[in-house]
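Asker: My structure is below; once you've seen it, I'll send some questions.
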Amino acid sequence: MTTRAGRPVELRHTLRDADRRAIAALVEATGMFSAAEVEIAAELVDERLERGADCDYRFAVAEIEERVVGYACFGPIPCTVSSYDVYWIAVDPTEQGRGVGRRLLADVEKRVVDLGGTRIYVDTSGRDAYAPTRAFYERMGYKRAAALTDFYAPGDAKIVYVKPV
Numbered sequence: 005m006t007t008r009a010g011r012p013v014e015l016r017h018t019l020r021d022a023d024r025r026a027i028a029a030l031v032e033a034t035g036m037f038s039a040a041e042v043e044i045a046a047e048l049v050d051e052r053l054e055r056g057a058d059c060d061y062r063f064a065v066a067e068i069e070e071r072v073v074g075y076a077c078f079g080p081i082p083c084t085v086s087s088y089d090v091y092w093i094a095v096d097p098t099e100q101g102r103g104v105g106r107r108l109l110a111d112v113e114k115r116v117v118d119l120g121g122t123r124i125y126v127d128t129s130g131r132d133a134y135a136p137t138r139a140f141y142e143r144m145g146y147k148r149a150a151a152l153t154d155f156y157a158p159g160d161a162k163i164v165y166v167k168p169v
């Protein structure tokens with residue numbers, strides 16, 4: 005895959021120490037997440053770096069010329085047999101709409117199947133600002149399974165999507 009500018013997008017599954025800062029900056033640059041959420045994204049990177057294969061958080065990192073332009077974090081849902089969560093997927097605003105998110109999510113789906121997963125869940129916000137995010141998941145074949153009113157804050161529902169894989 006290449007961007008519109010013809011630069012190749014590479015995916016990798018192994019995290020590097022520099023990814024903590026790069027992923028935090030990427031999540032912040034989207035303008036969609038609070039400072040606390042940015043810190044949580046960075047903490048999940050730390051946990052994977054510290055625990056390695058013993059950590060259930062798995063990552064896909066998209067790079068263009070060694071610059072992180074997107075990432076996804078996913079893992080098994082505790083106490084389920086074969087269900088997985090996509091905890092994070094974010095793409096640099098300058099690269100959005102160019103297939104990076106689709107490629108990351110397709111990679112996650114393939115890896116979940118390879119791990120024996122049968123269903124993938126994604127939680128997102130019901131705020132108007134998240135309408136493009138919800139449309140993205142729907143285009144990728146995810147079905148809205150639930151809406152929890154006022155979950156994140158008054159007027160901000162939690163929307164849950166699911167896709168059998």
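First residue of the sequence shown? That's 5 in this note's numbering, and the numbers climb one at a time after it.
Quick reminder that beta carbons are idealized off the backbone N, C-alpha and C, glycines included.
#1: With 16 other CB atoms within 10 Å as the buried threshold, where does residue 72 fall?
#2: Give the straight-line distance between the Cα atoms of residue 155 and residue 131, rounded to the nearest whole angstrom.
#3: For residue 167, which option in 133, 10, 153 and 113 has the closest C-alpha, if you only look at C-alpha atoms?
#4: Which stretch, first to last residue, makes up the beta strand (DSSP E) that contains residue 160?
#5: Could you check whether residue 104 and residue 42 sit closer than 8 Å to each other, using their CB atoms as the reference points?
#6: Which first and last residues belong to the alpha helix (DSSP H) in which residue 111 is found?
#7: Which runs of the beta strand (DSSP E) at least 3 residues long sit entirely within the region 24-101? Give them in chain order.
Answerer: With the given structure in hand:
#1: Here residue 72 corresponds to residue number 68 of the sequence shown, with the count starting at 1. With 16 or more Cβ atoms within 10 Å of its Cβ, residue 72 is classed as buried.
#2: Numbered from its first residue, the sequence shown carries residue 155 at position 151. Numbered from its first residue, the sequence shown carries residue 131 at position 127. If you take the alpha carbons of residue 155 and residue 131, they lie about 11 Å apart.
#3: Position 163 of the sequence shown holds residue 167. Ranking the options by Cα distance to residue 167, first place goes to 113.
#4: One-based indexing of the sequence shown puts residue 160 at position 156. It spans 160-168 - the beta strand (DSSP E) in which residue 160 sits, taken as one unbroken run.
#5: As a working mapping, residue 42 is identified with position 38 in the sequence shown. As a working mapping, residue 104 is identified with position 100 in the sequence shown. The answer is no: Cβ separation not under 8 Å.
#6: Within the sequence shown, numbered from 1, the residue matching residue 111 stands at position 107. 104-118 is the span of the alpha helix (DSSP H), which, as asked, contains residue 111.
#7: As far as the region 24-101 is concerned, its whole beta strand (DSSP E) runs of at least 3 residues are 62-68, 71-80 and 87-95.
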